[in-house]
Structures are given as structure tokens and as C-alpha cells.
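Chemist:
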Amino acid sequence: MIIVLKPHTTKQDLARVENMVKTRGLDTHIIEGSDMTVIGCIGDTTRIDMKLFEVDSAVSKVMHVQEPYKLASRAFHPEDSMVDVSGVKVGRGHLALIAGPCSVESTEQVIEIAKAAKASGANLLRGGAFKPRTSPYSFQGMGLAGLDILCEAREATGLPIVTELMSTEYLDIFNEKVDLIQIGARNMQNFDLLKQLGQVDRPILLKRGLNATYEEWFMSAEYIMAAGNENVILCERGVRTFESYTRNTLDLQSIPVVRKLTHLPIIVDPSHAGGKWWLVEPMAKAAIAAGADGLMVEVHNNPECALCDGAQSLKPEKYDALIKQISGIAQVIGKTL
Ligand code: PEP
Ligand code: MN
15 MIIVLKPHTT
25 KQDLARVENM
35 VKTRGLDTHI
45 IEGSDMTVIG
55 CIGDTTRIDM
65 KLFEVDSAVS
75 KVMHVQEPYK
85 LASRAFHPED
95 SMVDVSGVKV
105 GRGHLALIAG
115 PCSVESTEQV
125 IEIAKAAKAS
135 GANLLRGGAF
145 KPRTSPYSFQ
155 GMGLAGLDIL
165 CEAREATGLP
175 IVTELMSTEY
185 LDIFNEKVDL
195 IQIGARNMQN
205 FDLLKQLGQV
215 DRPILLKRGL
225 NATYEEWFMS
235 AEYIMAAGNE
245 NVILCERGVR
255 TFESYTRNTL
265 DLQSIPVVRK
275 LTHLPIIVDP
285 SHAGGKWWLV
295 EPMAKAAIAA
305 GADGLMVEVH
315 NNPECALCDG
325 AQSLKPEKYD
335 ALIKQISGIA
345 QVIGKTL
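So the sequence shown is numbered by this note's numbering: it starts at 15 and just counts up by one.
1. In this structure, what does DSSP give as the bridge partners for Glu46?
2. Please determine if the segment 25 to 43 and the segment 84 to 98 are in contact, where contact requires at least 3 C-beta pairs separated by less than 8 angstroms.
3. Since Lys132 is in the alpha helix (DSSP H), which residue starts that stretch and which ends it?
4. Note the first and the last residue of the continuous alpha helix (DSSP H) segment covering Ile269.
5. Determine which residues share a DSSP beta bridge with Cys249 and list them.
6. Report the option in Gly342, Arg147, Asn245 whose CA atom is closest to the CA atom of Ser100.
7. Can you check whether the CB of Leu266 is closer than 7 angstroms to the CB of Ala298?
8. Which same chain residues end up closer than 6 angstroms to Glu119 when comparing Cβ atoms and leaving out the 5 residues on each side of it in sequence?
9. Report the start-end ranges of each alpha helix (DSSP H) in the segment 181 to 234 that is 4 residues or longer and not cut off at the edges.
10. Measure how close the beta-carbons of Leu111 and Gly135 come, nearest whole angstrom, since I'm counting them as under 8 angstroms.
11. Classify Glu93 as helix, strand or coil using the three-state DSSP reduction.
12. Residues with a Cβ closer than 5 angstroms to any heavy atom of ligand 1, in chain order?
13. Would you call the CB atoms of Ile45 and Val52 closer than 7 angstroms?
14. If you reduce the DSSP assignment to three classes, tell me which class Leu293 lands in.
15. Roughly how many angstroms separate the alpha carbons of Pro317 and Ala287, rounded to a whole number?
16. Can you have a look at Gly105 and say buried or exposed, based on whether 16 or more other CB atoms are within 10 angstroms of its CB?
17. Are the CB atoms of Trp291 and Gln339 nearer to each other than 7 angstroms?
18. Could you please give me the residues that DSSP links to Ala110 through a beta bridge?
19. Using only the alpha-carbon positions, how far apart do Asn33 and Lys20 sit?
20. Given this structure, state the Cα-to-Cα distance separating Val69 from Gly289, to the nearest angstrom.
21. Look at Cys115 and His314 and say whether their C-beta atoms are less than 7 angstroms apart.
22. Classify Thr177 as buried or exposed, calling it buried when 16 or more other Cβ atoms lie within 10 Å of its own Cβ.
23. Would the beta-carbon of Met233 fall within 7 angstroms of that of Leu85?
24. Please enumerate, following chain order, all residues with a beta carbon closer than 5 angstroms to at least one heavy atom belonging to ligand 2.
25. If I'm right that Glu312 touches Asp323 with Cβ under 8 angstroms, what's the distance once you round it to whole angstroms?
26. Just to check my reading of the structure: Val253 and Leu224 have Cβ atoms closer than 8 angstroms, yes? What is that Cβ distance to the nearest angstrom?
27. Between Pro296, Phe188, Leu309, which lies nearest to Asn137 when the distance is taken from Cα to Cα?
28. Span of the alpha helix (DSSP H) holding Leu66?
29. State the Cα-Cα distance for the pair Met156 and Phe144, rounded to the nearest angstrom.
30. In angstroms, rounded to a whole number, what distance separates the CA positions of Arg168 and Ile281?
31. May I ask which residues mark the beginning and end of the beta strand (DSSP E) holding Arg140?
32. State the start and end residues of the unbroken alpha helix (DSSP H) segment that holds Val35.
33. Cα-Cα, which of Ala72, Leu164, Lys65, Ser87 is closest to Lys274?
34. Buried or exposed: where does Cys319 fall if 16 or more other Cβ atoms within 10 Å of its Cβ makes it buried?
35. Under the rule that 16 or more other beta-carbon atoms within 10 Å means buried, what is Val31, buried or exposed?
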């Protein structure tokens, strides 16, 4: 952190601001110019409230030279991270191909979709047991019964399972049964939940909040990592913009930004981004071409009758065709399916 003092600051003001820095456990390096004085702060500034310095009467401006997220930052960890999801590698050239219905509806439904998705090349099975719905009157998911169905589908297919945790109440049971714990867009800043995830042994899939900035998203990853769980995969799922034709706007730029600023794997969910099944294929292809480490795609055997998100779900045949195209793109850019 660098503190630029106002022109012609007195020696007393300089000493006072320097003291404010030192009482926070940092060292200082003073650069005195002809008109301006600059205080360089040396040490861990992530816990410092910059705003307190900004409003000081002697301070002109304050600049951070270091990102506030340390564990997630590429600056301190130059190599890409790879996350192991019960044997499925994600990152460093390995793609996560997560497929399955928006919500678990029955054993037959999930197993049929899981078998078809696996035959197409999916390596992880998704399905919501606890659903965060905008309306309290919409289907809320099957709850723990849905989780048991996912476990049955894992038995039947060998695919590790990914499902959303909404409350700390089910943390232990998720830790026991779920291979990759998903934190949905709506809970990206549920800080109590994030802190608890530091205690679990399972990797975490952290979706970007509906209108989260990159820094807010990375700070949420930092919460989980600082609490003790460094196995975090980020998921871009579109953000809210002025456009209402699509459900959200897929921020493809987030892929190179995440890769530049962090070392964490980044996957893309084109289903929740566009909200329409026919947008999934072009956006999925673009995401892989832009460097994503995988895709999360909603697949349903009967989308017309789906209890949730049928409009954005691919039928298994369409998913199969998509993976064939992805495989060509992956080869060109040196990734393995
Ligand atoms: C989901 O993946 O089931 C979901 C609800 O997505 P999001 O949290 O991105 O809206
Ligand atoms: Mn959905």
C-alpha cells in the first residue's frame, strides 16, 4: 500500500500518519519529493482498512499495490492449480465436463441422464437436490432424498457427483456424500457458509454471484481458502445486465481475467448464462476456445416436462453432439477430455 500525502504536509502530519501505519504492524519507507511525500507501507496490508487513511486530512490518495486476495492470487502462486474431484482432474489441461439435470426429480430420470451423459464423455454428474428458487411456490428440490438419488446414480455410472449446498445445516452430510460441493450464485457472499467450507475435505465449486465483480468473487474464494480449503474451482455463469432477452449475459472475458489474476481452475456454465438451450452450444464452444477448464451443462431427458430450467436444458443427443465439437476444439488448444 502506498499513501500519497497532500502537498506541503507538515512534519507533524507525516509523523502522525506514519504512526498510524506502524501501529498496524507495518514498516514504512518515506520518499520525500520537493512538493509531495509518499509513504510506502511494508508488510501484509490485506487486513488494513484503506478507507481510514483515505479520509485523513493529510492524505491525498491511497493505492494498493497488492491484491486483497493472497491465497487465490497468481502473484504468490504462478502455476495453475489442479483440483482433484474424486479422481477426476480439473485444471492444468484437464477439462471438467459436468452434466445433468437442473434438479433431481426421480431415480430413473437421473440414472438415464447420467448414463447418456457419461456415454457422451461427461466426467462429473450434476443435479440439484436443494434448489434456490426465486419463488417460494416453485419446486424447491427433493432435499436429502435427492442427494440419495445422486449417490445411486454415482453407483450406477461411476461418475462423481456435484450438487449445491445452501445451508450449513447439511455441511456434514455433504462432506460425507458429495464429491464436489457447489455454492450457487445466490450464496456466493454467504460468508458464514464460505467460512464453514474451510472445514470440509471436499473441493468446492464457487459460482459467480449474480452481479459480483471479479474482486468480490475472488474474495469469496479467499474466504474458503483462508479457512483451510484450497481446493476451489470457479464457475462463470453469466451476470445481470440491462439485457432481458437472455437470462444473464455470459462474461467470456472472465475466463482470461481469472487465469491472469488467480491460479484457480475456471469452468463455465452456459445453461444459466443464456437461459435458452440453443445458446448453450455456441457459448460452450466459445468458453473452451477462450481457455475454460470445463463446462457445466444442464441435460434433461424430457426438458418439456422438467421441474426446473427445461428451457435451457439440452436433450442427451444434443449434449452428445456438443461434446463431439468440444473435443475438436480441446485438441486444437492442447486440452484433454
Ligand atoms: C444451478 O447450477 O443449479 C444454479 C442454481 O445455478 P446458479 O447458482 O448459477 O444460478
Ligand atoms: Mn438450473
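Glycine included, each C-beta is placed from N, C-alpha and C at the ideal position. Since we're looking at a predicted model, the values are computed, not measured.
Modeler: Concretely, from the data shown:
1. The partner list for Glu46 (beta bridge, DSSP) reads Thr51.
2. No: fewer than three Cβ pairs fall under 8 angstroms.
3. It spans 121 to 134 - the alpha helix (DSSP H) in which Lys132 sits, taken as one unbroken run.
4. Membership of Ile269 in the alpha helix (DSSP H) is indicated by the continuous run 268 to 275.
5. As a beta-bridge residue in DSSP terms, Cys249 pairs with Lys221, Ile281.
6. When C-alpha distances from Ser100 are compared across Gly342, Arg147, Asn245, the shortest belongs to Asn245.
7. Between Ala298 and Leu266, the gap from beta carbon to beta carbon reaches 7 angstroms or more.
8. Excluding its 5 nearest sequence neighbours in each direction, Glu119 has C-beta neighbours in its own chain below 6 angstroms: Leu321, listed in chain order.
9. Runs of the alpha helix (DSSP H) inside the segment 181 to 234: 185 to 191, 205 to 211.
10. With a Cβ gap of about 6 angstroms, Leu111 and Gly135 count as contacting.
11. Three-state DSSP puts Glu93 in coil, outside helix and strand.
12. Here the list is Gly142, Gly198, Ala199, Lys221, Arg251, His286.
13. For Ile45 and Val52, yes; Cβs fall inside 7 angstroms.
14. Of the three classes helix, strand and coil, the one that applies to Leu293 here is helix, per DSSP.
15. Cα-Cα distance, rounded: 17 angstroms.
16. By the neighbour-count rule (16 or more Cβ atoms within 10 Å), Gly105 is buried.
17. The answer is no: Cβ separation not under 7 angstroms.
18. In DSSP, Ala110 forms a bridge with Gly308.
19. Take the alpha-carbon of Asn33 and the one of Lys20: they are about 17 angstroms apart.
20. Distance between the alpha carbons of Val69 and Gly289 is about 44 angstroms.
21. Correcting the residue identity first, residue 115 is Pro in this sequence and not Cys. Result yes, Cβ atoms of Pro115 and His314 sit closer than 7 angstroms.
22. Taking all protein chains in view, the Cβ of Thr177 is crowded by 16 or more other Cβ atoms within 10 Å, so the residue is classified as buried.
23. Not closer than 7 angstroms, so no.
24. The set, ordered by position in the chain, is Cys116, Asp323.
25. Contact annotation, Glu312 with Asp323: C-beta distance approximately 6 angstroms; criterion of less than 8 angstroms satisfied.
26. With a Cβ gap of about 7 angstroms, Val253 and Leu224 count as contacting.
27. For the residues Pro296, Phe188, Leu309, the minimum Cα distance to Asn137 belongs to Leu309.
28. For Leu66, the uninterrupted alpha helix (DSSP H) segment begins and ends at 64 to 68.
29. Approximately 7 angstroms between the Cα atoms of the pair.
30. Rounded to the nearest angstrom, the gap between the Cα atoms of Arg168 and Ile281 is 21 angstroms.
31. Segment 138 to 140, the beta strand (DSSP E) holding Arg140.
32. Taken as a continuous stretch (DSSP letters only), the alpha helix (DSSP H) holding Val35 covers 25 to 36.
33. Across the set Ala72, Leu164, Lys65, Ser87, the C-alpha of Ser87 shows the shortest separation from the C-alpha of Lys274.
34. Cys319 is classed as exposed because its beta carbon has fewer than 16 other beta carbons within 10 Å across all chains shown.
35. Counting Cβ neighbours within 10 Å, Val31 comes out buried, since at least 16 surround it.
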